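Participant: So that we are looking at the same thing, I have put the structure below in structure tokens.
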Amino acid sequence: MNELGAVIAIARRGTFRAAAIDLGMSTTALSHAIGKLEASLGVRLFNRTTRSVALTEAGKLFVEQVGPALQDIHGALDAVRSQRETPSGTIRINAAPFAARAILSPLVIEFVRRYPDMNVDLVTEGRLVDVVAEGFDLGVRVAGLVPTDMIAVPLGRPQRHAIVGSADYFARHEKPRVPPDLFEHRCIRVRLPDGALFRWRLEKDGETVQIDVQGPLILDEASLARTAVLENIGIGYFMEQSVLADIEAGRLIRVLEDWTPPYPGLCLYYPGRRNLSAGVKAFLALAREMAQSHRSPRLAE
């Protein structure tokens with residue numbers, strides 16, 4: 007089972023090192039396990055160089071045939087474990103970086119306090135991944151990005167965007183009052199995980215506009231964009247929680263607030279066809295408890 011799972015992990019992650027981290031073993035031990043399996047099968051499953059790892063034709067056939075069977079086996083094991091009164095094991099969660107910060111405290115931290123036999127492996131990625139294919143139990147994304155074939159559990163709190171600039175910047179530039187005014191400003195542009203440039207979305211009284219802003223910087227991480235705005239380079243478009251402390255402290259000034267209404271917030275999601283382990287069930291129950299008690303996770307400052 008360990009050797010079979012190792013092949014799937016390497017195929018999924020693309021490198022021995024990343025797969026070894028997921029499996030909680032050394033790269034050397036993983037390489038030895040794969041070598042032992044290949045020797046017993048009499049075929050190579052991977053073509054390995056110093057820079058890359060790729061499945062051979064035999065490896066591709068192996069993954070296609072063994073992958074679904076392993077999922078069924080793990081599903082059966084999870085079904086049995088779900089009968090335990092005290093959850094144990096590991097939950098793997100994939101989340102956008104800001105979403106991970108949102109659920110870390112109190113949801114994840116409260117969970118590991120309540121269930122000391124449980125571990126949480128929280129992985130952050132900007133791109134939207136297939137949680138089943140990538141071996142995750144749960145995903146966390148804003149409601150609009152949850153795949154339609156998944157079961158979503160709302161975390162309660164709506165989200166908002168905020169358009170902000172520094173006091174020094176607005177001392178030298180007139181504040182925008184309507185969306186077209188943004189074309190007169192230096193804006194921090196953001197590149198999405200798929201390579202496309204993000205267009206700022208604004209909405210008011212049923213009217214929605216998307217602005218392809220212009221500016222001197224293109225960045226792919228919100229914390230970098232925040233630094234650029236604080237350094238008076240231009241205006242930025244952020245999740246409200248990531249700049250709320252700056253707004254309250256007067257470091258940043260919010261504009262066009264009436265054009266950034268709340269929208270459905272974060273959701274946990276998971277495949278409905280999978281048998282849920284006792285740990286996943288407990289995590290979902292805690293998330294629902296927090297949402298119902300209006301103590302939904304808030305993004306860490």
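The working numbering puts the first residue of the sequence shown at 7, with every later residue one more than the last.
For glycine and all other residues, C-beta sits at the position ideal for the given N, C-alpha and C.
If you're wondering where the values come from, they're calculated on a predicted model, not measured in any experiment.
1) Comparing alpha-carbon positions, which option in Leu67, Phe189 and Asp200 lies nearest Leu10?
2) Considering Glu213, what are the terminal residues of the beta strand (DSSP E) in which it resides?
3) Grouping DSSP H, G and I as helix and E and B as strand, with all else coil, what is Gln220?
4) Excluding the five sequence neighbours on either side, which residues of its own chain have a C-beta within less than 8 Å of the C-beta of Ala306, listed in chain order?
5) Is it true that the segment 171-180 meets the segment 253-270, where meeting means three or more beta-carbon pairs spaced less than 8 Å apart?
6) Since Leu144 contacts Ile115 with CB under 8 Å, what's their CB separation in whole angstroms?
7) Using CA coordinates, which residue listed in Val152, Tyr269, Asp155 and Phe189 is at the minimum distance from Glu209?
8) Going by alpha carbons, who is nearest to Asn125 out of Ala24, Thr21, Asp28 and Met296?
9) Do you know how far the Cα of Val249 is from the Cα of Asn100?
10) Quick one: what does DSSP say Asp127 is sitting in, helix, strand or coil?
11) Given 8 Å as the limit, is there contact between the segment 182-189 and the segment 217-225, that is, 3 or more CB pairs closer than that?
12) Between Leu134 and Leu151, which are expected to be in contact by the criterion C-beta below 8 Å, what is the C-beta distance as a whole number of angstroms?
13) Taking its Cβ as the centre, do 16 or more other Cβ atoms sit within 10 Å of His38, making it buried, or is it exposed?
14) Give me the residue from Thr55, Arg50 and Gly73 with the minimum Cα distance to Thr62.
15) Residues in the same chain with beta-carbon distance under 6 Å from Ser302, minus the five sequence neighbours each way, listed in chain order, please.
16) What span of residues does the beta strand (DSSP E) with Val148 cover, start to end?
17) Does DSSP put Thr62 in a helix, in a strand, or in coil?
18) With 16 other CB atoms within 10 Å as the buried threshold, where does Gly20 fall?
19) For Met156, write down the residues that DSSP places opposite it in a beta bridge.
20) Is it the case that the Cβ atoms of Leu47 and Ala12 are separated by a distance below 8 Å?
Facilitator: In short, the structure shows the following:
1) Leu67
2) Glu213 to Ile217
3) coil
4) Annotation note: pLDDT 37 at Ala306 (below 50); position unreliable, coordinate value reported separately. Excluding residues within five positions, the ones whose Cβ falls inside 8 Å are Arg107, Ala108, Leu110 and Ser111.
5) yes
6) No, Leu144 and Ile115 are not in contact; Cβ-Cβ is about 16 Å, not under 8 Å.
7) Tyr269
8) Asp28
9) 23 Å
10) strand
11) yes
12) 6 Å
13) exposed
14) Arg50
15) Bear in mind that the predicted position of Ser302 carries a pLDDT of just 43, short of 50, making it unreliable; the figure below should be weighed with that in mind. Hits under 6 Å: Leu161, Gly162, Arg163 and Met296.
16) Leu144 to Val148
17) coil
18) exposed
19) Pro277
20) no
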